[in-house]
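Enquirer:
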Amino acid sequence: MTINPYFLSVALLAGSIIAYEIALVRLFSIAQWHHFAHMIISLALLGFGASGTAISLTQRWLMGNRWKFDEVDRRFHNAYTICGLLYSISVVVCFVLHQYVPFNPLMLVWQPSQVLSIFVLYLILSLPFFFGAACIGLALLRFAENVNRLYFFDLFGSGLGALGIIVTMYLIPPAQNLTLILAIGFCAVLIANWESWKTRQWRRIISITGIAAAFIVYLLFNPISIKISPYKGLSSTLNFPDAQVLNERHSPFGVLHVVRSGLIRAVPGLSLNTQHPVQPQLGLFTDADGMTAITDFSGDLSKLGYLGDTTSALAYHLMEPPHVLVLGAGGGGDVLNALYHDAVSVDAIELNPQVLELVAKEHKDFAGGIYAPDSPYPVQVHVAEARGFVRATTKRYDLIQIALLDSVSASAAGTHALSESYLYTVEAFTDLYQHLTPGGIISITRWLKTPPRDMIRLFATAVEALEQSDNRVPAQQLAMIRGWRTGTLLIKKGTFDTADRAAIQNFCRERSFDLAYYPQMPEVEANRYNQLTEPIYFRAAQAILSNERKQFYEGYPFNIRPTTDNRPYFFQFLRFDSLIQMVRAVGRSAIPFIEWGYLLLIATLIQAVLAGLVLILIPLFFLKRETTAPTAHNSRFTNWRVFIYFLSLGVGFMFIEMSFIQKFLLLLANPTYAVAVVLCAFLLFAGLGSFFSLKLKTVVKLRQPPIIVAIGVLSVLALIYLQLLPPIFHRFLASSDTLKVVVSIGLIAPLAFFMGMPFPLGIEWLQRHHPHLIAWAWGINGYASVVSAILATCLAIAFGFNLVILLAVGIYLIGGCVHLRRERETAA
Amino acid sequence: MKQLCFILATFILSIAVPSHSSDDDFKSDREWMVKRQINAQGITDGRIGVKNRSVLEAMRRVLRHEFVPDRYKSQAYVDMPLPIGYDQTISQPYIVAYMTELLDPKKEHKVLEVGTGSGYQAAVLAELVDHVYTIEIIKELGESAEKRLKQLDYKNVTVKIGDGYFGWEEHAPYDAIIVTAAPDHIPPMLIHQLKPGGKLCIPVGGRFQVQNLTLVQKTESGSIMTRQVMPVVFVPLTGDH
Chain A
4 MTINPYFLSV ALLAGSIIAY EIALVRLFSI AQWHHFAHMI ISLALLGFGA
54 SGTAISLTQR WLMGNRWKFD EVDRRFHNAY TICGLLYSIS VVVCFVLHQY
104 VPFNPLMLVW QPSQVLSIFV LYLILSLPFF FGAACIGLAL LRFAENVNRL
154 YFFDLFGSGL GALGIIVTMY LIPPAQNLTL ILAIGFCAVL IANWESWKTR
204 QWRRIISITG IAAAFIVYLL FNPISIKISP YKGLSSTLNF PDAQVLNERH
254 SPFGVLHVVR SGLIRAVPGL SLNTQHPVQP QLGLFTDADG MTAITDFSGD
304 LSKLGYLGDT TSALAYHLME PPHVLVLGAG GGGDVLNALY HDAVSVDAIE
354 LNPQVLELVA KEHKDFAGGI YAPDSPYPVQ VHVAEARGFV RATTKRYDLI
404 QIALLDSVSA SAAGTHALSE SYLYTVEAFT DLYQHLTPGG IISITRWLKT
454 PPRDMIRLFA TAVEALEQSD NRVPAQQLAM IRGWRTGTLL IKKGTFDTAD
504 RAAIQNFCRE RSFDLAYYPQ MPEVEANRYN QLTEPIYFRA AQAILSNERK
554 QFYEGYPFNI RPTTDNRPYF FQFLRFDSLI QMVRAVGRSA IPFIEWGYLL
604 LIATLIQAVL AGLVLILIPL FFLKRETTAP TAHNSRFTNW RVFIYFLSLG
654 VGFMFIEMSF IQKFLLLLAN PTYAVAVVLC AFLLFAGLGS FFSLKLKTVV
704 KLRQPPIIVA IGVLSVLALI YLQLLPPIFH RFLASSDTLK VVVSIGLIAP
754 LAFFMGMPFP LGIEWLQRHH PHLIAWAWGI NGYASVVSAI LATCLAIAFG
804 FNLVILLAVG IYLIGGCVHL RRERETAA
Chain B
-13 MKQLCFILAT FILSIAVPSH SSDDDFKSDR EWMVKRQINA QGITDGRIGV
37 KNRSVLEAMR RVLRHEFVPD RYKSQAYVDM PLPIGYDQTI SQPYIVAYMT
87 ELLDPKKEHK VLEVGTGSGY QAAVLAELVD HVYTIEIIKE LGESAEKRLK
137 QLDYKNVTVK IGDGYFGWEE HAPYDAIIVT AAPDHIPPML IHQLKPGGKL
187 CIPVGGRFQV QNLTLVQKTE SGSIMTRQVM PVVFVPLTGD H
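Protein chains in written order, with my numbering: chain A, 4 to 831; chain B, -13 to 227.
#1: Write down every uninterrupted run of the alpha helix (DSSP H) in the stretch 28 to 65 of chain A whose length is 4 residues or greater and which is fully enclosed by it, in chain order.
#2: Any beta-carbon of chain B closer than 8 Å to the one on Val411 (chain A)?
#3: For His253 (chain A), list the residues DSSP reports as bridge partners.
#4: Hey, is Pro182 (chain B)'s beta-carbon within less than 8 Å of any beta-carbon in chain A?
#5: Compute the beta-carbon to beta-carbon distance between Arg514 (chain A) and Asp337 (chain A), rounded to the nearest angstrom, for a pair I have assumed lies under 8 Å.
#6: With three or more C-beta pairs closer than 8 Å as the rule, is the stretch 653 to 661 of chain A touching the stretch 366 to 386 of chain A?
#7: Can you list the residues of chain B that Leu266 (chain A) reaches, using a CB-CB cut of under 8 Å?
#8: Classify Ser14 (chain B): buried if its beta carbon has 16 or more other beta carbons within 10 angstroms, exposed otherwise.
#9: Using the beta-carbon of each residue, which ones in chain B are nearer than 8 Å to Ser488 (chain A)?
#10: Helix, strand or coil: how does DSSP classify Gly490 (chain A) here?
#11: Can you tell me whether DSSP reads Thr224 (chain B) as helix, strand or coil?
#12: Hey, how far is the Cα of Ala884 (chain A) from the Cα of Leu119 (chain A)?
#13: List the residues that DSSP assigns as beta-bridge partners of Tyr786 (chain A).
#14: Using a Cβ-Cβ cut-off of less than 9 Å, list which residues of the stretch 256 to 282 of chain A approach chain B; keep chain order.
#15: To be precise: take each residue of the stretch 197 to 210 of chain B, compare its Cβ to all Cβ atoms of chain A, and keep it if any distance is under 8 Å. Which residues remain?
#16: Is there at least one Cβ from chain B nearer than 8 Å to Tyr173 (chain A)'s Cβ?
#17: Quick check on this structure: which residue in A:Ala34, A:Leu111, A:Ser19, A:Gly160 has the alpha carbon closest to the alpha carbon of Leu686 (chain A)?
#18: Whose Cβ in chain A lies nearer than 9 Å to the Cβ of Thr212 (chain B)?
#19: Going by beta-carbon coordinates alone, are Ala17 (chain A) and Asp157 (chain A) separated by less than 8 Å?
#20: Could you check whether Gly265 (chain A) and Thr295 (chain A) sit closer than 8 Å to each other, using their CB atoms as the reference points?
#21: Since Tyr72 (chain B) meets chain A, which of its residues come closer than 8 Å, beta carbon to beta carbon?
#22: If we ignore side chains and look at the alpha-carbon of each, how far apart do Gln284 (chain A) and Glu353 (chain A) end up?
#23: By DSSP's criteria, Val145 (chain B) is part of a beta bridge. Which residues make up the other side?
#24: Quick one: any contact between the stretch 686 to 699 of chain A and the stretch 753 to 765 of chain A, if contact means 3 or more CB pairs under 8 Å?
#25: With DSSP as the reference, please indicate the residues paired to Tyr400 (chain A) in a beta bridge.
#26: Along the chain, where does the alpha helix (DSSP H) that runs through Ser228 (chain B) open and close?
#27: Using DSSP with H/G/I as helix, E/B as strand and the rest coil, what is Tyr63 (chain B)?
#28: Determine the burial state of Thr314 (chain A): buried for a count of at least 16 other Cβ atoms within 10 Å of its Cβ, exposed for fewer.
#29: Is there contact between the stretch 127 to 136 of chain A and the stretch 210 to 225 of chain A, where contact requires at least three CB pairs shorter than 8 Å?
#30: Any C-beta of chain B within less than 7 Å: which residues of the stretch 228 to 239 of chain A qualify?
#31: When the cut-off is 8 Å and only beta carbons count, does Ile177 (chain B) lie next to chain A?
#32: Any chance you could list the beta strand (DSSP E) runs of at least 3 consecutive residues sitting entirely within the stretch 274 to 343 of chain A, in chain order?
#33: So, are the CB atoms of Thr14 (chain A) and Ile184 (chain A) less than 8 Å apart?
#34: Below 9 Å between beta carbons is the criterion; list the residues of the stretch 740 to 768 of chain A that meet it against any residue of chain D, in chain order.
#35: Could you pull the DSSP bridge partners for Glu353 (chain A) from this structure?
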């Protein structure tokens, strides 16, 4: 069997496009902030759909006279080559160019002219997607009769691209991935010019190779640099006169910088009364922000006295020297805190292996070898995702500490609003609770926000988790304190007795921390040292524990309802009704209360929908003239049915893919690998589904059209998975990583296989009946994918992932119904 | 097309608003700033306005446009933070005035400022107190602030280049301390250098965000209390709570 060189070229391009998208998200997260990355890249992806519009408008010229095959081939070949070259070049050029756009997202509120910069960024960054997708769209138009194979190569390439970029992120610095993507783009163009090799058109070959070589050689000697926002933590720290970057590491988990400066001192939650000097520290930055400190530890525990004056030290005052589990070990602050309090053993869990390596090896002497394999201290480090580790281990702990690793500014700005966190959910607290020894304590520390949010939601989540277990008395099992910047919540497996309460009172009095809640606490003890206008935390705790909980949730200006695995957005507190009232009441002064993450998501959705609709509708005016339908009335109906069908496929696919990625995160634990495995499996098996889609009818005798069968099967599978996945995951949680990956792929395979069928079957149907609509359909599918990715996040935040899956099934079924009607009418 | 858009956007963003030729031209801007953005009587957007007459007068006197880079002079009296180079910003006028009022400055007071920046906050304080000691970690910023303050004839401001974490023991104790950058903890030495009855004000929030303020008070007995002070009154808007 010979493979069409264009198909190979499409596979390479598709792989490099998805790699480019993932690389861009990483680069933006380093240079700016993640939520802006999400918005700008989502909008830039509209270039994908715009390519469909452009091809629709130019297809008459492109395809020329259908009977003159040479002319069609030449035009198609030239257009493909030019778009491929422009794609490859723009991958790098547009990234470099965008860094010169004077855009400071933080100024957006103050300087409306920043909006112009955003639009310039959209335009620049959408170009690579436009040219790359144009190549695939052109191939789709040219080889519509082999769409099943072409789409297979498209998805197969995408799957490998998603996996490949995760690997290369370990091997080469983030910005240099763009050079690799550029090189792959050029390779794709050369492969597409296979005929030119065979027919010895050396001028063309030499031209392409020359351009490619010039760019690659230039970039090898002049590596692309990232301009990090001057307002990120790393940039500010590097302004210190003695600041020096000691190490830099990169991986899919982020870019790490270790900075030395005598001015670095990070002790979240330190009491104002402390008399202990803070030890020298190194700053460990992730993605140029979110600093965690590596502390100078000589082995003299008495020098760590200041750690005992933080809110997170409370639990140690309520127990004998404990066996401790630290979730989110980072630079080691909480591990040192445990050692300072004579912990019998410490299991330190950290997701990023490079963080552990830096502390354990590079800065072993500075950090006192706390993470080293030959550590003289009872510390054992584990590279794992916190929730996954807890579910897999059979050990029980006296104290489980959830560390405070995110930066305070990120927390204040609500930049995590779009990030899922499976550590602060009802189910997570239940898991942790089950791993406590009798009398053991879970201790969670968070930054305090004004007005209060985080700690109240933590309290509510803990209450619900305790209520769901048998024989629990939440009112007796919880304690909460706060300093001026941090608060700590304790959940005890048992009740806080009189001695505990006295210890909590003493601990807070000596350090000027405020009591927010403990069993039978009188209000008069609240809000003494760090005064708010009223004892909000105390009253919130009382309300949550009372029968008025529901009214309290509804009346509070922020969303502080407990978070669950189905809606794991702990950091999303925004309530639109309150926001509107607040803006009406106080105008611009409402700004400090706005969490930008969610608002930007909504802004992104609105922009994407508007831009998408405009670009989708434009070709309709021109396509009218080309329709083969006998009447304008029929033509309009056909157009709308094609529109709804391909829209539903784009939306349905993305909704299911995104929701199941989230669901599989719980099984696979490690978010980076989970996304890579699940995304890759989805794309590869959908590719296989596409490959076999046209054979479906011949292999199995079907009473219904293959599209209906495919949609029916995938809908049933999605609904079954909704019920079956939780028990299946529970069964395999403690299994080896390899087995978990195999199980995940096994579960994804059948679903993805059938999800890969409706698109090529739809294109094949168009090829037979309305070939002039193929490029338009490609564009619609592109827009739908972009918009639905944003919409899925919005819906998941508001209603949870289960609803997104149900909606996806409904949307797929609508697409199926539309096709069925279309098919019957055509047959009639 | 992309080139056109880029050039157009760059052009629009870099358009220099016609600059004022003399300080007198800014006087009306300053008056407007105080009246509309700072004074309690003029603010209509729900914020707590500044009532202290001497603070308002100081805000009227200090030439804010001298403390911002030339390209931002035209925006000097707009109520927004502005970049001043070296990745630092000058706080919005409202925050400067509000923080100053919180410290309750008196003629005889000695004030320590940690984070000189361009020197604007120090100049406002210098209008109100006996002496301002200010520390800046970034040498270039500190030196240019010192030069600027001298040129503007602020004789009661002393600038030091150094680490503000340890305060300035030599001139301690202080009646008030103002920390212009929010660390994750308040340096113990600063608390130590505060007089009994003294106040320390620290803004919490990132750059370009409107910041919530924390006021630390050292009682006559030496105990420490903090108070969250927000630039707007937080009134729960729905329900009973």
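Think of the CB as a built atom: it goes at the ideal place given N, C-alpha and C, for glycine as much as any other residue.
Expert: This is what the structure gives:
#1: Segments of the alpha helix (DSSP H) lying fully in the stretch 28 to 65 of chain A: 37 to 47.
#2: Residue confidence for Val411 (chain A) is low, a pLDDT of 48 falling below 50, so the modelled location carries little weight and cannot support an answer.
#3: In DSSP, His253 (chain A) forms a bridge with A:Val258.
#4: It does not; no Cβ of chain A falls within 8 Å.
#5: With 8 Å as the limit, Arg514 (chain A) and Asp337 (chain A) do not qualify as a contact, their Cβ atoms being about 18 Å apart.
#6: Contact between the stretch 366 to 386 of chain A and the stretch 653 to 661 of chain A is absent, because fewer than three Cβ pairs lie under 8 Å.
#7: Residues of chain B passing the Cβ test: Ile123, Asp149, Tyr151.
#8: Classification of Ser14 (chain B): exposed, given that the 10 Å Cβ count is below 16.
#9: Strictly speaking, residue 488 (chain A) in this sequence is Arg, with Ser absent from that position. Result: Asp170, His171, Val190.
#10: Of the three classes helix, strand and coil, the one that applies to Gly490 (chain A) here is strand, per DSSP.
#11: In this predicted model, Thr224 (chain B) has a pLDDT of only 36, less than 50, meaning its place in the structure is not dependable; the value taken from the coordinates is given anyway. Correct three-state label for Thr224 (chain B): coil.
#12: Limits of chain A in this structure are 4 at one end and 831 at the other, which puts residue 884 (chain A) out of reach.
#13: DSSP, once it has assigned bridges, lists no residue as partnering Tyr786 (chain A).
#14: Taking a C-beta cut-off of 9 Å against chain B, the contacting residues of the stretch 256 to 282 of chain A are Gly265, Leu266, Arg268, Ala269, Val270, Pro271, Gly272, Leu273, Ser274, Leu275, Asn276, Thr277, Gln278, His279, Pro280, Val281, listed in chain order.
#15: From the stretch 197 to 210 of chain B, only Gln197, Asn198, Thr200, Val202, Ser209, Ile210 have a Cβ closer than 8 Å to chain A.
#16: With 8 Å as the cut-off, Tyr173 (chain A) does not count as an interface residue toward chain B.
#17: Between Leu686 (chain A) and the set A:Ala34, A:Leu111, A:Ser19, A:Gly160, the nearest pair of CA atoms involves A:Gly160.
#18: Those are Leu275, Gly486, Trp487, Ser515, Tyr532, Asn533, Gln534, listed as they occur along chain A.
#19: Result yes, Cβ atoms of Ala17 (chain A) and Asp157 (chain A) sit closer than 8 Å.
#20: Not closer than 8 Å, so no.
#21: Result: Asn242.
#22: Within the model, the alpha-carbon separation for Gln284 (chain A) versus Glu353 (chain A) is close to 19 Å.
#23: In the DSSP output, where bridge partners are listed per residue, Val145 (chain B) has B:Thr120.
#24: Enough Cβ pairs lie closer than 8 Å, so yes.
#25: DSSP, once it has assigned bridges, lists A:Leu439 as partnering Tyr400 (chain A).
#26: Any property of residue 228 (chain B) remains undetermined from this structure, which presents chain B solely from -13 to 227.
#27: In this structure, Tyr63 (chain B) counts as coil in the three-state DSSP scheme.
#28: By the beta-carbon neighbour count (other beta carbons within 10 angstroms, threshold 16), Thr314 (chain A) is buried.
#29: These segments do not touch.
#30: Correct list: Pro233, Tyr234, Ser238, Ser239.
#31: Yes, Ile177 (chain B) counts as interfacial toward chain A.
#32: If one requires a minimum length of 3 residues, the beta strand (DSSP E) runs lying completely within the stretch 274 to 343 of chain A are 284 to 289, 292 to 298, 326 to 330, in chain order.
#33: Going by the sequence as given, residue 14 (chain A) is Ala instead of Thr. Result no, Cβ atoms of Ala14 (chain A) and Ile184 (chain A) do not sit closer than 8 Å.
#34: Here chain D cannot be found, since the structure's protein chains are A and B.
#35: According to DSSP, Glu353 (chain A) bridges with A:Val386.
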